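Residue numbering for the sequence shown follows this note's numbering, beginning at 5 and increasing consecutively. What follows is a single structure, written as structure tokens, with notes after it.
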Amino acid sequence: MTESPDHLELRLGAVAHGGHVVARTDEGRVVFVRHGLPGELVRVRLTDRDPAASFWRADVTDVLEPVPGRREVHPWEQADALVAAGADRSPLGGAEYGHADLTTQRELKRHVIAEQLGHLAGHDWDGEVQPVAGESPDGTGWRTRLHLDVAPDGTPGMYPHRSTELGPVTDMPLATDAIRALAPWSLEYPGAARVDVAAPAGGAAPLLHVGLRPDTAPEQVTALRDRLSAWAGDRGVSVTARSPHERDTQLWAGTDHVQETLELPGATDPEPLRWRISPTGFWQIHRGAPGTLARAVLDGAGLRPGDSVWDLYSGAGLFTAVAARAVGPTGCVFAVEGSPVTSADAAHNLARAPHVTSVRGDVARVLTGPGGRGGHRGRG
């Protein structure tokens with residue numbers, strides 16, 4: 005092992021949760037390393053080396069002995085740790101396994117899931133991580149949501165892992181074509197603290213939400229609103245905003261929500277399911293996740309007409325609506341969600357299903373508190 009104040013040469017070991025692989029120094033100290041693969045000999049830059057800490061953190065800067073599965077070209081240059089090291093900067097986050105080909109990525113995730121199930125649940129899992137239908141050959145183009153932080157001068161960007169230095173964004177290959185066409189990272193947002201973009205997988209109108217800074221002057225808000233409204237009008241985009249001093253969301257252009265849809269092949273009701281999602285509400289980020297997960301739930305649960313179902317941490321009602329259709333009006337679905345915004349979305353989305361009860365609150369308190377469902381039996 006070659007060592008300098010901030011650099012080490014390490015042989016990487018097993019994969020760990022969060023995009024890390026585990027290595028040990030000659031002294032036995034654990035180092036969690038990002039952008040490496042198990043078995044590689046690499047040179048790393050330490051990003052956290054507190055002498056009193058039980059472990060250190062590091063990013064790969066050079067690969068001395070690669071292993072099969074490492075890509076020759078990273079699909080997102082700004083997240084490529086080797087390119088970043090050559091430019092004396094940190095790689096942007098969000099592509100933890102981008103340096104690995106898709107087969108290797110799935111195998112790494114399989115190891116993580118199996119280890120977690122064994123450690124936390126005592127369950128010996130020998131399954132596999134499968135590709136989502138319609139996956140691109142390089143694993144890009146799947147994000148239907150994008151979050152950008154905004155510097156005081158209005159420039160948007162993203163933070164590298166565990167960094168407080170905002171990095172500029174020139175592209176986001178992980179995002180869908182709809183988001184890349186908008187290129188929200190190319191705009192300026194003076195007076196904003198963050199920007200969130202949602203582009204529904206079904207092709208409905210995208211929405212850009214602006215989180216304003218608490219000290220933004222009214223005239224600055226007006227100028228930002230006018231500029232983004234004009235930009236949105238040319239592109240069929242909705243724009244909303246919210247100040248931390250205000251409870252309600254401001255509508256600047258279009259509508260105050262996005263609409264997600266899902267068709268389930270083979271369903272008795274051919275009408276697509278629909279959900280309203282607020283600007284800061286929760287929805288699955290991967291364009292193929294809602295359909296993939298909904299089908300997995302239906303296949304695994306074997307729901308029948310007349311069944312009772314619990315959907316805990318139900319979000320905006322993705323699984324709730326799917327289950328409600330499966331059990332029919334003779335069944336019942338009980339859903340619990342803690343987020344005020346997402347719970348309001350769920351109440352709206354499920355309002356036309358009288359056999360669904362949607363409750364806002366902490367799951368444990370709802371189930372065990374007065375009038376809770378602790379004694380209710382059903383499939384959950």
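Note that the Cβ used here is the ideal one computed from N, Cα and C, for glycine as well. All values reported here derive from a predicted model rather than from experimental measurement.
Between the Cα of residue i and those of the options, spot the shortest distance and give me the residue it belongs to.
i       : options                            : result
Leu-277 : Leu-178, Phe-36, Ala-325           : Ala-325
Arg-147 : Gln-82, Val-243, Ala-205           : Ala-205
Gly-240 : Ile-281, Pro-194, Ala-208          : Ala-208
Gly-310 : His-21, Arg-329, Glu-76, Ala-257   : Arg-329
Val-102 : Glu-119, Ala-118, Ala-83           : What sits at residue 102 in the sequence shown is Gly, not Val. Nearest option by C-alpha distance: Ala-83.
Val-201 : Glu-119, Ile-289, Asp-315          : Ile-289
Val-171 : Ala-91, Trp-256, Arg-53, Trp-314   : It is worth fixing the name first, because residue 171 is Gly in this sequence and not Val. The shortest Cα separation from Gly-171 among Ala-91, Trp-256, Arg-53, Trp-314 belongs to Ala-91.
Gly-143 : Asp-130, Gly-122, Pro-177, Trp-129 : Pro-177
Pro-79  : Asp-105, Asn-353, Val-71           : Asp-105
Asp-260 : Pro-210, Ala-187, Arg-291          : Pro-210
Val-46  : Val-26, Ala-57, Asp-273, Arg-53    : Val-26
Thr-253 : Glu-264, Leu-268, Ser-282          : Ser-282
Arg-156 : Glu-132, Glu-192, Leu-121          : Reading off the sequence, residue 156 comes out as Pro, not Arg. When only C-alpha atoms are compared, the closest one is Glu-192.
Ala-196 : Arg-184, Ala-203, Ala-185, Pro-222 : Pro-222
Trp-314 : Ser-362, Pro-358, Pro-269, Gly-122 : Ser-362
His-21  : Trp-129, Pro-72, Gln-120           : Gln-120
Arg-291 : Glu-264, Trp-129, Val-301, Leu-268 : Glu-264
I'd like to check one pair, residue j with residue i: are the Cβ atoms closer than 8 Å?
i       : j       : result
Gly-319 : Ala-350 : yes
Thr-29  : Val-48  : no
His-213 : Thr-284 : yes
Leu-150 : Pro-194 : no
Leu-232 : Val-225 : no
Val-154 : Val-116 : no
Leu-86  : Leu-50  : no
Glu-69  : Glu-100 : no
Val-360 : Val-337 : yes
Gly-335 : Ser-312 : yes
Val-367 : Leu-316 : yes
Arg-364 : Gly-342 : yes
By how many angstroms is the C-alpha of residue j removed from the C-alpha of residue i?
i       : j       : result
Leu-266 : Gly-32  : 51 Å
Pro-42  : Val-19  : 6 Å
Trp-235 : Leu-216 : 18 Å
Pro-141 : Leu-371 : 44 Å
Gly-384 : Ser-347 : Reliability fails at Gly-384, whose pLDDT of 43 lies under 50, so the model's placement of it is uncertain and the value that follows must be treated cautiously. About 18 Å.
Leu-14  : His-127 : 32 Å
Val-345 : Phe-286 : 9 Å
Ala-182 : Gly-145 : 9 Å
Ala-179 : Ser-190 : 15 Å
Asp-175 : Trp-279 : 29 Å
Gly-23  : Ser-167 : 16 Å
Pro-55  : Asp-10  : 13 Å
Leu-124 : Ala-118 : 10 Å
Ala-327 : Val-262 : 22 Å
Asp-303 : Asp-238 : 43 Å
Arg-356 : Arg-74  : 50 Å
Glu-169 : Arg-299 : 41 Å
Ala-257 : Val-173 : 25 Å
Glu-76  : Val-67  : 12 Å
His-380 : Ala-88  : In this prediction, His-380 scores a pLDDT of 44, lower than 50, which makes its location untrustworthy; the coordinate-derived value is nonetheless stated afterwards. So the two alpha carbons sit approximately 55 Å from each other.
Leu-16  : Ala-187 : 37 Å
Asp-52  : Leu-255 : 43 Å
Ala-203 : Gly-373 : 39 Å
Lys-113 : Gly-131 : 11 Å
Glu-81  : Asp-273 : 45 Å
His-352 : Ala-57  : 48 Å
Pro-269 : Leu-354 : 21 Å
Gly-122 : Asp-230 : 54 Å
Pro-72  : Ala-185 : 34 Å
Thr-108 : Trp-129 : 18 Å
Val-301 : Leu-152 : 32 Å
Glu-111 : Glu-275 : 37 Å
Any heavy atom of the ligand MN inside 7 Å of the beta-carbon of residue i?
i       : result
Pro-358 : Looking for the ligand MN in the displayed structure turns up nothing, as the structure carries no ligands at all.
Taking Cβ positions only, does residue i come closer than 8 Å to chain C?
i       : result
Asn-353 : Absent here is chain C; the protein component of the structure consists of one chain.
task: Taking only runs that begin and end inside the segment 171-256, name each unbroken alpha helix (DSSP H) of 4 or more residues, in chain order.
output: 181-186, 222-237, all fully within the segment 171-256.
query: If you pair each beta-carbon of the segment 119-136 with each one of the segment 279-297, do three or more pairs fall below 8 Å?
result: Contact between the segment 119-136 and the segment 279-297 is present, because at least three Cβ pairs lie under 8 Å.
message: Pairs of beta-carbons, one from the segment 60-79 and one from the segment 36-52, closer than 8 Å: are there three or more?
response: Yes, the segment 60-79 touches the segment 36-52.
query: Any chance the segment 217-226 sits against the segment 241-257, with 3 or more Cβ pairs inside 8 Å?
result: A contact exists between the segment 217-226 and the segment 241-257.
- prompt: Is there contact here, the segment 160-173 with the segment 96-109, by at least three beta-carbon pairs under 8 Å?
  reply: By the Cβ criterion, the segment 160-173 is in contact with the segment 96-109, since at least three pairs of Cβ atoms, one from each stretch, lie closer than 8 Å.
query: Which residue spans inside the segment 341-374 form an unbroken beta strand (DSSP E) run of at least 3?
result: Segments of the beta strand (DSSP E) lying fully in the segment 341-374: 360-364.
- request: Would you list, in sequence order, the uninterrupted beta strand (DSSP E) runs of no fewer than 3 residues that lie entirely inside the segment 122-175?
  value: Segments of the beta strand (DSSP E) lying fully in the segment 122-175: 149-154, 160-162.
message: Quick check for students: name the residue ranges of the alpha helix (DSSP H) that lie wholly in the segment 36-110, counting only runs of 4 or more.
response: Within the segment 36-110, the complete alpha helix (DSSP H) runs of at least 4 residues are 85-90.
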